[in-house]
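Have a look at the structure below before the remarks.
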Amino acid sequence: MQLLQDQGPYMEAPQLTVPSLLPQEAHTSAKRKEEKKPLQSIPKRTKKDTSTGGNRVWRQTTDNPPSMCLRAWVKPAAQRSLWVKNITHCQKDHLTSNLLPGEFPKDFVNALVCQVCDHLLSDPVQSPCQHLFCRTCIQKYSHILGPQCPACGLQFKPCDLNSPAEAFLSILHSLPLLCPREGCGELVRLDSFADHCLSHCFEKDGRKEENIPEQNMDGYLPVNKGGRPRQHLLSLTRRAQKHRLRELKNQVKMFADKEEGGDVKSVCLTLFLLALRAGNEHKQADELEAMMQGRGLGLHPAVCLAIRVNTFLSCSQYHKMYRTVKATSGRQIFQPLHALRNAEKELLPGFHQFEWQPALKNVSNSCNIGIIDGLSGWTASVEDVPADTISRRFRYDVALVSALKDLEEDIMEGLRERGLDDSTCTSGFTVVIKESCDGMGDVSEKHGGGPAIPEKAVRFSITVMSITIQPEGEEEAVTIFQEQKPNSELSCRPLCLMFVDESDHEMLTAILGPVVAERKAMKESRLILTVGGLQRSFRFYFRSTGYDEKMVREMEGLEASGSTYICTLCDSTRAEASQNMVLHSITRSHDENLERYEIWRTNPFSESAEELRDRVKGVSAKPFIETQPTLDALHCDIGNATEFYKIFQDEIAEVYLKNNPSREERRRWRSALDKQLRKKLKLKPVMRMNGNYARRLMTRESVEVVCELVPSEERREALKELMELYLQMKPVWRSTCPARDCPDQLCRYSFNSQRFAELLSTTFKYRYDGKITNYLHKTLAHVPEIVERDGSIGAWASEGNESGNKLFRRFRKMNARQSKSFELEDILKHHWLYTSKYLQKFMEAHKNSVKALQATINPEECPDDTDLSLDITDF
9 MQLLQDQGPY MEAPQLTVPS LLPQEAHTSA KRKEEKKPLQ SIPKRTKKDT STGGNRVWRQ
69 TTDNPPSMCL RAWVKPAAQR SLWVKNITHC QKDHLTSNLL PGEFPKDFVN ALVCQVCDHL
129 LSDPVQSPCQ HLFCRTCIQK YSHILGPQCP ACGLQFKPCD LNSPAEAFLS ILHSLPLLCP
189 REGCGELVRL DSFADHCLSH CFEKDGRKEE NIPEQNMDGY LPVNKGGRPR QHLLSLTRRA
249 QKHRLRELKN QVKMFADKEE GGDVKSVCLT LFLLALRAGN EHKQADELEA MMQGRGLGLH
309 PAVCLAIRVN TFLSCSQYHK MYRTVKATSG RQIFQPLHAL RNAEKELLPG FHQFEWQPAL
369 KNVSNSCNIG IIDGLSGWTA SVEDVPADTI SRRFRYDVAL VSALKDLEED IMEGLRERGL
429 DDSTCTSGFT VVIKESCDGM GDVSEKHGGG PAIPEKAVRF SITVMSITIQ PEGEEEAVTI
489 FQEQKPNSEL SCRPLCLMFV DESDHEMLTA ILGPVVAERK AMKESRLILT VGGLQRSFRF
549 YFRSTGYDEK MVREMEGLEA SGSTYICTLC DSTRAEASQN MVLHSITRSH DENLERYEIW
609 RTNPFSESAE ELRDRVKGVS AKPFIETQPT LDALHCDIGN ATEFYKIFQD EIAEVYLKNN
669 PSREERRRWR SALDKQLRKK LKLKPVMRMN GNYARRLMTR ESVEVVCELV PSEERREALK
729 ELMELYLQMK PVWRSTCPAR DCPDQLCRYS FNSQRFAELL STTFKYRYDG KITNYLHKTL
789 AHVPEIVERD GSIGAWASEG NESGNKLFRR FRKMNARQSK SFELEDILKH HWLYTSKYLQ
849 KFMEAHKNSV KALQATINPE ECPDDTDLSL DITDF
């Protein structure tokens, strides 16, 4: 007898055959013989049968003779044919494996067929047990027989079904199939097989039409069998139109589902277009065809989206403009809001499919991830206090994929310009990313409930600096994309926004922790992404250079800026730096700071506090993010301008002749300097130095104006020489490529810095006796070494991120919803779209017309030129 207990907890009932009939049942009525056999038929058990799984045995009695036992299991091929016949009904929809050429191995063919219907995979999905099915077949199978694998019996949930790897899909779609039409015999790819067969159908229909003689057209008119005269279709109500066209609608829908992926609209428009052409109404047909191809009188939705984002219009403002233009012109020039939303989906992170090899550690494989909560992943416990912050971000890898797809045209154009074969360049791509992070003050709370959040914010941004490729057989990599404006707010893409005080180390590290973990995982993997129709592999290099000194000290665990250890690049103290202003080299690194933190934490040599501090050179917290040991050009300008502003005050007051002037005297000198600068240069005094003020202050014109107030001729000449030396050195750290832009100043930098240091230590010794500012030290001591190592300092500055701070305020004011929970999402989304290269190309073409149009429709909301100049915010 056959035991059922060995078949596992889930018995595959459809694989059982119907047992033979008993002799006494042979004389049944004809009606009973015609009844349809059920899908499964298991003989009833007697009362003596036990119901426990361990003793489930078929007891033989006189009622159940041996002939009634279950027959052998059906072969898999026969079983699948039964499923096709009774469950999936996909004989006419899916392609049989018999169309494959005969030279393919049997195991290879088995890997390409559905485990339910035995046809070639159509819209394949993969179960957790790695078996493959057609999507519709496994859905129908699971609905009838339960959610379990037909091949191995493993239970799964519908949400566990995922698309197979891109590499497998490309192999599947490229399969050659034999055309079954007589006389053809052509090998056609699977993805174009339907179009090939459809062309045969059109040829057949064309031959039929040629042989049909002209008939009386009255035979095609609807037959009226009496009663009321049949009304014209257009004169009916919508309900009556639906009733009359019901059969035609169903036929069109069936055709669209089978041939056009369910696009009923395109099928109907095409039918309308053919009807217009047949009636010689070519003008109207041309307009319809232009509208179908997106080149009609109206603007493309992407152009409208670019206009809306770049002019900072909210949804209501754009809708007002859309309705006004439509009403006044009578034409739909702008597209409605729903069309814009569809256009922006493709540009935002979370739209494109990709793959990492190997898979990222502790990061989900899902690609369709949009904006997520920056606090996600926190383990909640009873003792936890609710976080007094709100944060929104993109997942790092998903954002990088979106940025690369946005640069797809530039990448392909770069390959063509370098004369590289597109089809062979599928690997060896290297992408260099600049990371920037900066805090913002005075982000006043705008509205609404929710947690009491700080009135400060932190923004973390990325910039794609360059993309290179290593061609086979070449020694040097070839640059195919180089960011031309690395310090523009148009190229600095937002990754994470949070309402946090940048001094709150615990909250900042808790939110940026997952970002750092994703970044670390991506360093060890390759991204597989479809660019230009082919899958290509990319590696990423991250350079954290867009940080001011305060943020660098925060991330690297160093003491604050007023520390004795003056520099984030070397171990010198303030006194050592003032004595030796030029001869220093970069010694600090992230790994060394980690080692010093462990020494500071454990104190292995049992030293005193001062001795321990001297040993770790100012490391007082655990380094969190690896930053690049470099100099931020923007904040270097601001710091040095602040120092020159104080030198101007001291020279006007002849402080070198006095000792310890009072605060009242210093206030008077500052007032005199501000008055002179306002009068001669139109420079309004500021509370804190900012980038624009620093640029205008550090000029030959400004030093001439200041020298009018300096009494001594000798001091005037020294001050002019100091400014001249500074202006000779400045292009070296501000230029994107100093070796190309200012080679003479680069060669003379060491000499100029030495002379600058001599002036400070002699003529201006009263200010620099035993002390020097942080940025003056870096300017004099470390610039040549950084330029020699990186090739540039200015290209890696944080200026783009600082400009983005002003955009943050602008989007928060103009485009965000009135809610704490949603405003960061809206700001992040609109800011990402603002940095899209794809939209910028549209905006460049429509820039002048859009500004004029907005001023005509809504003049009070058209921003001034001063507002559009996105310069550096105050510091």
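Going left to right, the sequence shown walks through residues 9 to 883 as this note's numbering numbers them. Beta carbons: idealized from backbone N, C-alpha and C, even for Gly.
Closest by C-alpha distance to residue i, when choosing among the options
{"i": "Asp131", "options": "Cys142, Val124 and Cys125", "result": "Cys142"}
{"i": "Ser322", "options": "Ala824, Arg88 and Ser431", "result": "Ala824"}
{"i": "Val409", "options": "Cys750, Leu503, Val466 and Arg197", "result": "Leu503"}
{"i": "Thr650", "options": "Asn667, Leu784 and Leu665", "result": "Leu784"}
{"i": "Lys837", "options": "Glu729, Glu852, Met851 and Phe816", "result": "Phe816"}
{"i": "Phe652", "options": "Leu733, Phe613 and Ile607", "result": "Leu733"}
{"i": "Gly447", "options": "Lys257, Val133, Met737 and Tyr555", "result": "Tyr555"}
{"i": "Pro522", "options": "Phe468, Ser545, Val472 and Asp512", "result": "Phe468"}
{"i": "Pro155", "options": "Pro136, Ala529 and Glu603", "result": "Pro136"}
{"i": "Cys209", "options": "Val627, Thr96, Cys187 and Lys630", "result": "Cys187"}
{"i": "Lys654", "options": "Ala119, Val711, Asn700 and Ile633", "result": "Val711"}
{"i": "Gly481", "options": "Thr517, Val451 and Thr432", "result": "Thr432"}
{"i": "Gln163", "options": "Gln138, Lys773 and Glu174", "result": "Gln138"}
{"i": "Arg676", "options": "Leu689, Gln657, Lys666 and Asn667", "result": "Gln657"}
Residue i - DSSP class collapsed to helix/strand/coil
{"i": "Val560", "result": "helix"}
{"i": "His35", "result": "Annotation note: pLDDT 43 at His35 (below 50); position unreliable, no value reported."}
{"i": "Met706", "result": "coil"}
{"i": "Val439", "result": "strand"}
{"i": "Leu307", "result": "coil"}
{"i": "Gln13", "result": "Because Gln13 sits at a pLDDT of 40, beneath the cut-off of 50, its placement in the model cannot be relied upon, and the point is left open."}
{"i": "Leu129", "result": "coil"}
{"i": "Arg596", "result": "coil"}
{"i": "Asn611", "result": "coil"}
{"i": "Ile461", "result": "coil"}
{"i": "Val624", "result": "helix"}
{"i": "Ser469", "result": "strand"}
{"i": "Glu363", "result": "strand"}
Host alpha helix (DSSP H) of residue i (start-end)
{"i": "Trp677", "result": "Arg671 to Leu689"}
{"i": "Asp414", "result": "Tyr404 to Asp414"}
{"i": "Ile536", "result": "Here Ile536 belongs to no alpha helix (DSSP H); instead the beta strand (DSSP E) covers Arg534 to Val539."}
{"i": "Thr278", "result": "Val272 to Ala286"}
{"i": "Gln492", "result": "No alpha helix (DSSP H) holds Gln492; DSSP gives it neither H nor E."}
{"i": "Ser337", "result": "Cys323 to Ser337"}
{"i": "Tyr757", "result": "Tyr757 to Ser769"}
{"i": "Phe816", "result": "Glu807 to Met822"}
Outcome for residue i when other beta-carbon atoms lying within 10 angstroms are tallied against a minimum of 16
{"i": "Glu421", "result": "exposed"}
{"i": "Val117", "result": "exposed"}
{"i": "His102", "result": "buried"}
{"i": "Ile398", "result": "buried"}
{"i": "Cys745", "result": "exposed"}
{"i": "Tyr776", "result": "buried"}
{"i": "Leu206", "result": "exposed"}
{"i": "Lys786", "result": "buried"}
{"i": "Lys442", "result": "buried"}
{"i": "Lys738", "result": "buried"}
{"i": "Leu591", "result": "exposed"}
{"i": "Ser274", "result": "exposed"}
{"i": "Leu639", "result": "buried"}
{"i": "Asp450", "result": "exposed"}
Cβ separation of residue i and residue j, assumed to be a contact under 8 Å, to the nearest whole Å
{"i": "Cys157", "j": "Cys125", "result": "Contact flag wrong, Cβ pair sits at about 14 Å."}
{"i": "Ile341", "j": "Leu296", "result": "Incorrect: roughly 17 Å between the Cβ atoms, too far for contact."}
{"i": "Ile536", "j": "Glu793", "result": "The Cβ separation is near 38 Å, so there is no contact."}
{"i": "Ile470", "j": "Leu423", "result": "Contact doesn't hold; Cβ gap of about 23 Å is too wide."}
{"i": "Leu642", "j": "Glu810", "result": "6 Å"}
{"i": "Phe759", "j": "Leu788", "result": "Not really, about 12 Å apart at Cβ, beyond 8 Å."}
{"i": "Arg527", "j": "Tyr404", "result": "6 Å"}
{"i": "Glu491", "j": "Met473", "result": "5 Å"}
Where the beta strand (DSSP E) containing residue i begins and where it ends
{"i": "Val523", "result": "No beta strand (DSSP E) contains Val523, which is instead part of the alpha helix (DSSP H) from His513 to Lys531."}
{"i": "Asn381", "result": "Before going on, a small fix: residue 381 reads as Asp here, not Asn. Counting along the chain, the beta strand (DSSP E) containing Asp381 begins and ends at Ile379 to Asp381."}
{"i": "Arg197", "result": "Leu195 to Arg197"}
Contact with chain C by residue i, beta-carbon distance below 8 Å
{"i": "Asp294", "result": "Looking at the structure shown, chain C is missing, and only one protein chain is on hand."}
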